[in-house]
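Below you'll find the structure, written out as structure tokens, and then a few comments.
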Amino acid sequence: MHRSIATIAALVLAVLVTGAGNAAAEPTVSPRLATAGGTFGGYEPGKAASTYDPALVPEGARAHVFALSAPGLGTSTALSVGGLVPNREYGAHAHTKPCGPTGKDAGPHFQHEQDPVSPSVDPAYANPDNEIWLDFTTDRLGNSLEISKVAWPLGERRPASVVIHEMHTHTAPGEAGDAGSRLACVNVDF
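The opening position of the sequence shown corresponds to residue 1 in UniProt numbering, with each subsequent residue numbered one higher.
Spelled out as structure tokens, the structure:
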């Protein structure tokens with residue numbers, strides 16, 4: 001099913017504000033809303049969306065990221081993709097740095113509580129409660145919408161991109177957080 005950006009934004013905002021009644025007990029801080037997206041192509045400086053593997057994230061495919069973060073709400077992030085390989089599993093996570101010429105340039109996964117060991121493969125740190133995981137499976141048209149909700153709001157340290165990986169994320173000790181090759185990247189001003 002193809003959804004317009006306005007429809008996706010409305011759905012995302014409806015999900016993101018769930019629990020807003022708890023916000024009154026927190027200090028008054030304005031929620032931070034981030035939106036980003038683009039059409040995948042080869043990397044160029046300043047380009048919103050880059051593909052590193054056009055066989056799995058074709059040029060012309062699209063991605064949009066919506067994120068809302070505030071005390072009392074935590075952080076909710078949605079990833080909408082279109083035009084990817086149909087009926088395929090992908091991993092996706094928020095990363096610490098912006099997209100670059102290679103997928104590695106986006107740095108490690110963003111973690112609320114940072115693992116002192118890098119790369120992080122300890123499930124105490126590399127897990128969907130401490131990181132923003134957006135693993136998804138595309139439908140028959142290559143589209144998907146995934147939402148991550150974590151209990152913590154973003155502070156001064158923020159992620160800078162969402163990277164799409166070749167497989168769903170592993171969770172076992174010694175491989176936690178691994179999702180294979182970095183296929184594509186979207187710059188997001190979280």
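Glycine included, each C-beta is placed from N, C-alpha and C at the ideal position.
A quick note: this is a predicted structure, and the numbers were derived from the prediction, not measured.
Quick check: what's the CA-CA separation for residue i versus residue j?
i	j	result
Ala97	Gly46	It should be noted that the sequence gives Lys, not Ala, for residue 97. Cα to Cα, the separation comes out at about 13 Å.
Ala36	Asp189	7 Å
Asp115	Leu84	32 Å
Ser181	His95	14 Å
Ser30	Ser148	20 Å
Pro101	Ala124	31 Å
Ala49	Asn127	25 Å
Cys99	Pro58	17 Å
Gly177	Ser120	7 Å
residue 209	His112	Shown here, the chain extends from 1 to 190; a query on residue 209 therefore has no answer.
Pro71	Arg32	10 Å
Asp53	Gly38	16 Å
Pro108	Arg158	12 Å
residue 201	Phe40	In the structure displayed, the chain extends from 1 to 190; residue 201 sits before or after that span and is not available.
Glu175	Ser161	22 Å
Asn187	Thr51	12 Å
Ser80	Ala179	19 Å
Val163	Leu73	24 Å
Which residue wins for smallest C-alpha separation from residue i, given the options the options?
i	options	result
His64	Glu113, Arg158, Ala92 and Gly180	Ala92
Leu154	Ile132, Thr169 and Thr138	Ile132
Asp129	Glu44, Val150, Cys99 and Val163	Val150
Asp122	Ala70, Ala184 and Thr171	Thr171
residue 192	Leu145, Leu134, Glu156 and Leu73	A query on residue 192 cannot be resolved here, the shown segment of the chain reaching from 1 to 190 and no further.
Tyr90	Phe110, Arg158, Leu145 and Leu73	Leu145
Asn87	Gly174, Asp139, Ala160 and Trp152	Asp139
Leu183	Pro173, Glu175 and His168	His168
Val152	Ser69, Phe110 and Pro173	The sequence shown places Trp at residue 152, rather than the Val named in the question. Of Ser69, Phe110 and Pro173, the residue nearest in Cα terms is Ser69.
According to DSSP, which residues form a beta bridge with residue i?
i	result
Lys149	Ser76
Gln111	Glu131
Arg62	Thr39 and Gly82
Ala67	Ala34 and Thr77
Arg90	It is Tyr, not Arg, that sits at residue 90 in the sequence shown. BP columns for Tyr90 point to Phe136.
Cys185	Ser50 and Val163
His95	His109 and Ser161
Ser144	Val81
Going by the beta-carbon positions, is the gap between residue i and residue j smaller than 9 Å?
i	j	result
Phe66	Ala106	no
Cys185	Gly103	yes
Decide if residue i is buried, meaning its Cβ has at least 16 other Cβ atoms within 10 Å, or exposed.
i	result
Thr75	buried
Thr77	buried
Val117	exposed
Leu141	exposed
Gly42	exposed
Thr137	exposed
Gly82	buried
Ala55	exposed
Leu16	Unreliable placement is indicated for Leu16, whose pLDDT of 46 sits below 50; the coordinate value is still reported in the next sentence. Looking at its Cβ environment, which holds 16 or more other Cβ atoms inside 10 Å, Leu16 is buried.
Taking 8 Å as the line, does the beta carbon of residue i fall inside it for any heavy atom of the ligand NAD?
i	result
Thr75	Looking for the ligand NAD in the displayed structure turns up nothing, as the structure carries no ligands at all.
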